[in-house]
Amino acid sequence: MLFAVWLFYRQFWFFTNAVSWGGWLVAQVPLGDDLWLLLGPLFWLKFASFGVIWYFMHTFSRQKYLFYQNMGHSIPRLFLGAFCLDMLFFFGVLALINWLIHV
């Protein structure tokens, strides 16, 4: 399952990361205590970007789903797994940056 989610996520990881890091930069790179105030808006920004990705993939790339469906994976489960993976990567790197600056 993780390999299929990774293959699926690789199709649009650049867009989701560009939106996430762009949102963080627009918020003027908050770290420390200010970062905690931004976690909610960043979560919703990532959720909205996944909605846009779902819309475009559902509209223009529907045939790519067949590969994953033939392996026994449903589309909602793929998107949920990719969303969790994206959240883990982004907030993990953000926590690492925060930790490295405050050490």
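Taken in order, the sequence shown gives residues 16 to 118; the numbers are from the numbering used here.
Ideal Cβ placement from N, Cα and C applies to all residues, glycine included.
Mind checking Leu81: buried by the 16 CB within 10 Å criterion, or exposed? By the neighbour-count criterion, in which 16 or more other beta carbons inside 10 Å mark a residue as buried, Leu81 falls on the exposed side.
I need the DSSP call for Gln78, collapsed to helix, strand or coil. Correct three-state label for Gln78: helix.
As assigned by DSSP and simplified to three states, the class of Arg92: Residue state, collapsed to three classes: helix.
Range covered by the alpha helix (DSSP H) that runs through Phe29: Phe29 -> alpha helix (DSSP H) spans Trp28 to Val41.
Hey, out of Phe71, Leu57 and Cys99, whose CA is closest to Gly37's CA? Comparing Cα positions, the closest option is Leu57.
Tell me the rounded alpha-carbon separation between Leu60 and Val34. Roughly 8 Å between the two C-alpha positions.
On the three-state DSSP scale, how would you describe His73? DSSP, reduced to helix, strand and coil, places His73 within a helical segment of the structure shown.
Give the single residue among Leu53, Asn32 and Asp48 whose Cα lies nearest to the Cα of Ala42. Answer by Cα proximity: Leu53.
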